[in-house]
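For what it's worth, the UniProt record's numbering labels the leading residue of the sequence shown as 1, then goes sequentially. In what follows, a structure is listed as structure tokens, so that the remarks can point back to it.
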Amino acid sequence: MRPLALRTGLVIGVLSGLCYALLYPGLSGAFTYLVGVYVALISFMGWRAMAGLRLVGAAWRWTELAAGSGALLFIISDLTIALNKFCFPVPYSRALIMSTYYAAQMLIALSAVESREPVEDYRLSKAN
Numbered sequence: 001m002r003p004l005a006l007r008t009g010l011v012i013g014v015l016s017g018l019c020y021a022l023l024y025p026g027l028s029g030a031f032t033y034l035v036g037v038y039v040a041l042i043s044f045m046g047w048r049a050m051a052g053l054r055l056v057g058a059a060w061r062w063t064e065l066a067a068g069s070g071a072l073l074f075i076i077s078d079l080t081i082a083l084n085k086f087c088f089p090v091p092y093s094r095a096l097i098m099s100t101y102y103a104a105q106m107l108i109a110l111s112a113v114e115s116r117e118p119v120e121d122y123r124l125s126k127a128n
């Protein structure tokens with residue numbers, strides 16, 4: 001679980017709590033607890049994916065950026081589903097949900113590809 005990135009976890013935790021507070025009035029029965037558990041799990045996933053990002057002062061790899069971006073898009077996709085189901089109709093929800101979901105899946109899959117060169121050292125070579 002390195003790097004721990006407690007500040008990142010705190011920010012994501014607060015934002016997740018606010019999202020759950022927005023959803024809570026529309027929840028009933030078992031959904032009250034199940035949505036809370038799901039929000040906690042997806043928040044943990046987002047925290048761990050974003051904790052690996054090192055954008056300042058250190059060499060970063062595109063796989064880290066892909067993992068963090070994929071997690072963020074996955075959270076946006078699931079939040080759109082929840083808002084559409086429990087709070088209010090989201091305009092163009094189907095297109096928004098599917099585009100963010102598939103982009104997230106692609107980025108998360110790409111994050112598993114080994115990157116050996118830090119992005120700051122990457123140079124494009126001219127085709128001869």
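The beta-carbon is built from N, C-alpha and C at its ideal position, and this holds for glycine as well.
Alpha-carbon spacing of residue i relative to residue j, whole angstroms
i, j, result
"A103", "A71", "10 Å"
"I108", "I42", "14 Å"
"R123", "M106", "Residue placement at R123 is poorly supported in this model, since its pLDDT is 49, which falls under 50; the coordinates are not used for a value here."
"S16", "E114", "30 Å"
"L110", "F88", "33 Å"
"L27", "Y20", "10 Å"
"S93", "F86", "13 Å"
"A127", "Y38", "Model confidence at A127 stands at a pLDDT of 48, short of 50, so the residue's coordinates are unreliable; what they give is reported in the following sentence. Those two C-alpha atoms are separated by around 49 Å."
"T100", "S69", "10 Å"
"I97", "A66", "19 Å"
"A51", "G9", "8 Å"
Where the alpha helix (DSSP H) through residue i begins and ends
i, result
"R94", "S93 to L110"
"E114", "Segment: none, E114 is in no alpha helix (DSSP H) and carries neither H nor E."
"G9", "L6 to L23"
"R61", "Premise fails: R61 is in no alpha helix (DSSP H) and is neither H nor E."
"R48", "F31 to A51"
Simplified DSSP state of residue i, which is helix, strand or coil
i, result
"C87", "coil"
"S28", "coil"
Buried or exposed (CB count within 10 angstroms, at least 16 for buried), residue i
i, result
"G29", "exposed"
"L4", "exposed"
"F74", "buried"
"T32", "exposed"
"R7", "exposed"
"V14", "exposed"
"L18", "exposed"
"V35", "buried"
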